[in-house]
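Quick note: the sequence shown uses this note's numbering, first residue 1419, plus one each step.
Where is the CB? At the ideal position from N, CA and C, for every residue including glycine.
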Amino acid sequence: MQEPLVRIFDTTLRDGEQSPGVSFSLEEKVEIARQLERLGVDIIESGFPQASAGEAAGVAAICREVRTPVICGLARTRRGDIETAARALEGAARSRIHTFTSASRVHLEHMLRLSEAQNLEMAVEAVRLARTHTDDVEFSAQDVARADQDYLLELYTEAVRAGATTINIPDTVGYSTPVEFAGIVRRLREAAEAINPAVVISVHTHDDLGLAAANALAGVEVGAGQVECAVNGIGERAGNCPLEEVVMALITRQDHYGRRLNIRTTELYRTSQLVSKLSGMVVQPNKAIVGAHAFAHEAGIHQDGVLKERTTYEIMRPQDVGVPESRLVLGKHSGRHALRERLLALGYHLADTEFERAFGRFKELADKKRGITDADLAAIVQSEVVAAAPEVCRLDYFHVLSGTTVLPTATARVTVGDVSRQESATGGGPVDALYLAIDRAVGQEFRLLDYSLRAVTGDRDALGEVTVRLRDAAGRSSIALGTSTDVIEASARAYMAAVNKLLSLPEGSAAPEASVPAGERQV
């Protein structure tokens, strides 16, 4: 037996456009509607035609361009609204008029200024009028969670008797909770189906308490056959039920909900990106399903698990929603497994001892940077593995004082064998002073032939890469790299690497770069 269908009613172009600062042009509305058609939504609420001539024109344009989904126009329980909506929808292959009022006393008294009896009469007449224009009529009464439940029941049952084919139950201000909302939906469904067994029960939830998706799914559990939602959850105040979240919840947990959908989920990410671009509302990185971090893993335990078996930490495949692949974000929480996999992907096949050196340097850098890029990894491997030399001497620590009103001064402690020496020096700049202090601590003077500094990436916390070329008293020269987010530290690392290369050369060995002219120490 086939599972019951849950229809997806998208209100991005109507309720979603009510987000502060969002206003789609006619062309943008049509572009979004076409993408919603590719996504496979069942109903597109294209706008509120009575709001303006431009709004009505947008609805009419969508009717001409989009033919598969039902195209819906919103109307208050007023004759003018309904007739304007009917005219705007004339070109649709399939049309729906969605007429609405309110149910709570606070809305009736302070907004509509109607008695319950007047409101009921207008609702019934609106549904009857809408049925003269289309056989597909939806009725909603705002703020059901704060309404008198007996009056709410009367309002909806009379709307069904008047010809409403879909009754929509909106938690307009996001006030309800899942258990409470399910109870409201169940009671209205049972009463409506007693009058017309074919009536569709719909839910419309808002996210003021962060419960929009939970409330919508609670409605589905008790028989709702339609969910009203918006792409990325955009809409009034905290927004609507996010389409992508309720869709993937129903699909991923089909074992629990037992429902089917007409949605092509591989279009979800593309749809999200389009709406984000045209609305100007950026999708938060940790947004479920479509956020930049939705399929990203940084914790070492998580990365190790995903690399061994994706389902350890992923309950859906990124490809299922149109995201090309999972992303392992290398940072301070990443472990050896993730780093080795990334290095292999970059073409670096390191021996265990080389990898451990690279991993140690990676962890040091990860404590200083928000994220480690492939360029950073290449620089680490180049400086710590490819160009590494035996450690004859070690820089234990250094301190540099520099500024516009002080003489650059550096102190460095270097250990050579079992002997540690601390020396200080002044220089023309902080790097010059540091290099002089290192020379004194090592007990030898080296000539700096060349010094260059570049940023590995363009961020403010970019890794600096320093290349130095040194010559010793015997005329032998060496080149080395050093990297760090601190350019002084990168300079120190490069200098020490070059010094170690020279000190590790056997006595009397040839000077491989003797032809390079000596340069002045100016850094």
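The alpha helix (DSSP H) that contains residue i, what's its start and end?
i: I1856; result: 1848-1860
i: I1500; result: 1497-1506
i: A1915; result: 1905-1922
i: L1942; result: Look at the range of the chain in this structure, 1419 to 1941, and you will see that residue 1942 is not part of it.
i: R1549; result: 1534-1549
i: Q1453; result: 1444-1457
i: N1633; result: 1630-1639
i: P1596; result: 1596-1613
i: A1474; result: 1471-1483
i: A1892; result: Counting along the chain, A1892 falls outside any alpha helix (DSSP H), and DSSP gives it neither H nor E.
i: Y1569; result: 1567-1580
i: E1782; result: 1770-1784
Just list the residues that DSSP pairs residue i with in beta bridges.
i: R1735; result: R1735 pairs with nothing; no bridge assigned.
i: Y1869; result: V1886
i: N1586; result: S1558, S1620
i: V1834; result: C1811, V1837
i: D1428; result: I1462, C1647
i: H1516; result: L1492, E1556
i: F1816; result: A1830
i: R1948; result: No answer is possible for residue 1948: it lies beyond the span of the chain, which begins at 1419 and ends at 1941.
i: N1658; result: H1624
i: T1844; result: T1827
For the beta strand (DSSP E) containing residue i, list its first residue and its last residue.
i: A1384; result: Residue 1384 falls outside the range modelled here, since the chain spans only 1419 to 1941, and no answer is possible.
i: R1671; result: R1671 -> no beta strand (DSSP E), and no H or E assigned at all.
i: L1899; result: 1895-1902
Counting only the same chain and skipping the five closest in sequence on each side, list residues whose C-beta sits under 6 Å from that of residue i.
i: A1916; result: V1886, L1888, S1896, A1898
i: Q1644; result: R1425, F1427, V1618, S1620
i: P1438; result: none
i: L1454; result: D1428, I1462
i: N1704; result: H1711
i: S1495; result: As written in the sequence, residue 1495 is Thr, which differs from the Ser given in the question. The answer, listed in chain order, is T1517, T1519, M1540, A1541, A1544.
i: G1434; result: A1648, I1652, G1653
i: R1456; result: E1685
i: S1522; result: D1561, R1564, A1565
i: V1459; result: I1426, D1428, P1487
Tell me which residues share the same chain as residue i and place their Cβ nearer than 7 Å to its Cβ, disregarding the 5 neighbours each side in the sequence.
i: F1396; result: Absent from the structure is residue 1396, since the part of the chain shown begins at 1419 and ends at 1941.
i: V1934; result: A caution first: V1934 carries a pLDDT of 31, below 50, which makes its placement in the model unreliable, though a value can still be read off. Result list for V1934: L1867, S1895, in chain order.
i: L1629; result: G1592, T1595, P1596
i: A1929; result: Low per-residue confidence applies at A1929: pLDDT is 43, beneath 50, and the placement is therefore not dependable enough to give any value.
i: V1700; result: S1694
i: A1406; result: Because the chain is modelled from 1419 through 1941, residue 1406 falls outside the range shown and cannot be assessed.
How close, in whole Å, do the beta carbons of residue i and residue j come, if the pair is a contact with beta carbons under 8 Å?
i: R1497; j: L1573; result: Rounded, the Cβ-Cβ distance is 19 Å, inconsistent with contact.
i: L1635; j: V1664; result: 6 Å
i: V1640; j: I1613; result: With 8 Å as the limit, V1640 and I1613 do not qualify as a contact, their Cβ atoms being about 18 Å apart.
i: G1592; j: D1626; result: 3 Å
i: G1900; j: A1892; result: Actually they are not in contact, since the Cβ atoms of G1900 and A1892 sit about 23 Å apart, beyond 8 Å.
i: R1452; j: V1477; result: Wrong, their Cβ atoms sit about 15 Å apart, outside the cutoff.
i: P1826; j: D1857; result: Not quite, the Cβ-Cβ distance comes to about 15 Å (not below 8 Å), so this is no contact.
i: Q1436; j: G1653; result: 6 Å
i: N1658; j: A1667; result: Rounded, the Cβ-Cβ distance is 15 Å, inconsistent with contact.
Quick check on residue i: buried or exposed, where buried means 16 or more other Cβ atoms within 10 Å of its Cβ?
i: E1727; result: exposed
i: P1422; result: exposed
i: K1695; result: exposed
i: M1419; result: exposed
i: R1482; result: exposed
i: P1924; result: exposed
i: L1661; result: buried
i: D1785; result: exposed
i: T1822; result: exposed
i: H1624; result: buried
i: R1677; result: buried
i: S1533; result: exposed
i: R1607; result: buried
i: T1779; result: Before going further, note that residue 1779 is Arg rather than Thr in the sequence given. Buried, because 16 or more other Cβ atoms sit within 10 Å of the Cβ of R1779.
i: G1861; result: exposed
i: H1525; result: buried
i: F1599; result: buried
i: P1487; result: buried
i: S1464; result: buried
i: D1733; result: A quick correction: the sequence has Ile, not Asp, at residue 1733. Label assigned to I1733: exposed.
i: A1843; result: buried
i: M1914; result: buried
Give me, in chain order, the residues of the same chain whose beta-carbon lies closer than 8 Å to that of residue i; leave out the 5 immediate sequence neighbours on both sides.
i: V1603; result: I1587, I1619, V1621, A1636, G1637, V1640, G1641, A1642
i: G1882; result: L1871, R1872, A1873, V1874, T1901, S1902, T1903, D1904, V1905, A1908
i: I1515; result: C1490, G1491, A1493, I1500, A1503, A1504, L1507, A1548, H1551, T1552, D1554, V1555, E1556
i: S1838; result: D1814, R1831, V1832
i: R1512; result: P1487, V1488, I1489, D1554
Should residue i be flagged as near chain B, meaning a C-beta pair shorter than 8 Å?
i: D1626; result: Structure shown: chain B not included; a single protein chain is present.
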